[in-house]
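Participant:
Number of protein chains: 2
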Amino acid sequence: MTDPRERLLEAAARIYAEQGFLGATTRRIATEAGVNEVTLFRQFGSKEALLRASLERAGAEILSPGLPESPSDPAAEVARWAVALWEQLAAHRSMIRTCMGEIETHPEIMPTCGSPGSANTAAKRALCHYVKSLQESGRARRDVDPGPAASLLMGAIFADAMSRDLMPEMYSRPARQTVTEYVRLFLRAVLVECA
Amino acid sequence: MTDPRERLLEAAARIYAEQGFLGATTRRIATEAGVNEVTLFRQFGSKEALLRASLERAGAEILSPGLPESPSDPAAEVARWAVALWEQLAAHRSMIRTCMGEIETHPEIMPTCGSPGSANTAAKRALCHYVKSLQESGRARRDVDPGPAASLLMGAIFADAMSRDLMPEMYSRPARQTVTEYVRLFLRAVLVECA
DNA sequence: CCGTCTTGTAAGTACCCGCTTGCATCCCCG
DNA sequence: CGGGGATGCAAGCGGGTACTTACAAGACGG
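Right, dumping it as structure tokens:
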């Protein structure tokens, strides 16, 4: 808590999420951390190294929700998973948006967003595996490709979490309700039953 | 073409899309426009005014694809619309990502992304209207809410267009194929027929 | 041919940037 | 209690920022 290194890492992540790489000046990070600017350079050597360490930690604390190994109640299980995913993404929306906007110009400080091991690829793998299990047990149609199907649901959840606060008039229903509706439509497209 | 004002507007949009507000320095914009930096200030008064004018124009040239007033072949019509939407979004991905990352800190220069009249709200309205027409003609299920349904498809297309180049290993199929698969799943969830 | 209007050039303003140095201060461990 | 390591403070470095001023050169219409 009072460890300067810790406070710098926290302040750096917060300010970077709000202001981006150029906007997150060392003076400002140090001030908001309640630490002298010189300590920042003594601890991390450079602004870039600080940001890299800070974003690596921030990226690691976005955790992918889990899905049961063998499906039993798809509607409930996927709905719970989807809501949890939305909440994770929405909680980090500023950071994610800033990273996406700057990954082209600052690829070196990025927490390896798309690499295996990151939260989104883990989530994608989990949903793909879940759909395949449904297919193997005969509950999901075999003519759907799990990859694009998972991208459909995840993409909708991602887009909702990223843009709902920026253009609220695009969304007529509250987030939870909308996400569960995404899941309903997704399952109707994927499951065999036609009721 | 050789009009300095025009070249400044074009260079400003391009550099802003790559570098963001703070990265788009007046020197760099003027240099890349082949114009003296002083001319920039004489023409626009300030960097902020130039960026505002430039982004307003850039935002207006993202045009929303159209959908027939009365549906006849939903699979083909929605597929064509979805591919056109994806291409529009993908063509402007850098600009859109930068804007989304900076709209919190620079809301005043943003081309009013979510307001009525912008491309995405127009696209959403068009798809909602199309789904309602399908419902009224008995071809779409009445128990689906057109708003969330449209958000599902548009969100997936948006997320795909924004993140496919950043994390290609998340997408197993090429873009066109994936988008048409989104549409297939979307229509299977929305249409009444169960084949 | 003159006057205005636009642009280019050169220089300079005040400020902020990342980063460094020198020195005083403090705390903790031996 | 004494010494080393982490921290704070004050100042400064070279360079970049948005923006300004003063002046010369060319275009274009009356």
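Protein sequence lines, in the order shown, are assigned to chains L and U. Quick note: the first sequence uses my numbering, first residue -8, plus one each step. Quick note: the second sequence uses my numbering, first residue -8, plus one each step. Backbone N, C-alpha and C define an ideal beta-carbon position, used for all residues, glycine too. Everything numeric in this text was worked out from a predicted model, so none of it was measured.
Nearest to R175/U by CA position, among C104/U, V69/U and R84/U, is which residue?
Facilitator: When only C-alpha atoms are compared, the closest one is V69/U.
Participant: Quick one: using the 10 Å Cβ neighbour count with 16 as the cut-off for buried, is R155/U buried or exposed?
Facilitator: Buried: at least 16 other Cβ atoms inside 10 Å.
Participant: Taking the alpha carbon of A147/L as the point to measure from, which residue in L76/L, T17/L and E160/L has its own alpha carbon closest?
Facilitator: Ranking the options by Cα distance to A147/L, first place goes to L76/L.
Participant: What residue does the alpha helix (DSSP H) around T89/L start on, and which one ends it?
Facilitator: Run containing T89/L: R84 to E93, per the alpha helix (DSSP H) assignment.
Participant: Using beta carbons (cut-off 8 Å, strictly below), is V29/U in contact with chain L?
Facilitator: Output row for V29/U: interface = no.
Participant: Check distances from the C-beta atoms of the stretch 131 to 151 of chain L to those of chain U and list, in chain order, the residues that come in under 8 Å.
Facilitator: Against chain U - using a Cβ distance shorter than 8 Å - the residues of the stretch 131 to 151 of chain L are V135, D136, G138, P139, A140, S142, L143, L144, M145, G146, A147, I148, F149, A150 and D151.
Participant: Note the first and the last residue of the continuous alpha helix (DSSP H) segment covering A141/L.
Facilitator: Counting along the chain, the alpha helix (DSSP H) containing A141/L begins and ends at P137 to S154.
Participant: Can you give the beta carbon distance from L41/U to L(-1)/U, rounded, assuming they're within the 8 Å contact cut?
Facilitator: 6 Å between Cβ atoms; contact.
Participant: Going by DSSP, name the residue or residues bridged to L182/U.
Facilitator: Note: L182/U sits in a beta bridge opposite A131/U.
Participant: Under DSSP, the alpha helix (DSSP H) around G11/U begins and ends at which residues?
Facilitator: P(-5) to G14 is the span of the alpha helix (DSSP H), which, as asked, contains G11/U.
Participant: Looking only at C-alpha atoms, which of Y173/L, E127/L, D136/L and S128/L sits nearest to R149/L?
Facilitator: The identity of residue 149/L in the sequence shown is Phe, whereas the question assumes Arg. Considering only alpha carbons, the answer is Y173/L.
Participant: Specify, as a first and last residue, the run of the alpha helix (DSSP H) that V26/U falls within.
Facilitator: Looking at the DSSP string, V26/U is not in any alpha helix (DSSP H), and its letter there is neither H nor E.
Participant: Pull up the distance between the alpha-carbon of R71/U and that of H120/L, whole angstroms please.
Facilitator: Roughly 30 Å between the two C-alpha positions.
Participant: Assuming contact is defined by CB atoms lying nearer than 8 Å, are V122/L and A141/L in contact in what I supplied?
Facilitator: Against a cut-off of 8 Å, the Cβ pair of A141/L and V122/L comes out as a contact.
Participant: Going by C-alpha to C-alpha distance, which of S37/U, I20/U, E28/U and S45/U sits closest to C90/U?
Facilitator: Residue S45/U is the option with its Cα nearest to C90/U.
Participant: Take G105/U and list the residues in its own chain whose beta-carbon comes closer than 8 Å to its own, dropping the five residues that flank it on each side.
Facilitator: Correct list, in chain order: N111 and T112.
Participant: Show which residues of chain U have a CB atom less than 7 Å away from the CB atom of G92/L.
Facilitator: The answer, in chain order, is G11, R88, T89, M91, G92 and E93.
Participant: Does any residue of chain U have a CB that is nearer than 8 Å to the CB of T96/L?
Facilitator: So yes, T96/L belongs to the interface.
Participant: Tell me, to the nearest whole angstrom, how far the beta carbon of A152/L is from that of A81/L; I am working on the premise that it is less than 8 Å.
Facilitator: Yes, A152/L and A81/L are in contact; Cβ-Cβ is about 4 Å, under 8 Å.
Participant: Is it the case that the Cβ atoms of I100/U and R43/U are separated by a distance below 8 Å?
Facilitator: Yes. Within cutoff.
Participant: Rank R33/U, S163/U and G108/U by C-alpha distance to the C-alpha of R116/L and give the top, closest one.
Facilitator: It is S163/U.
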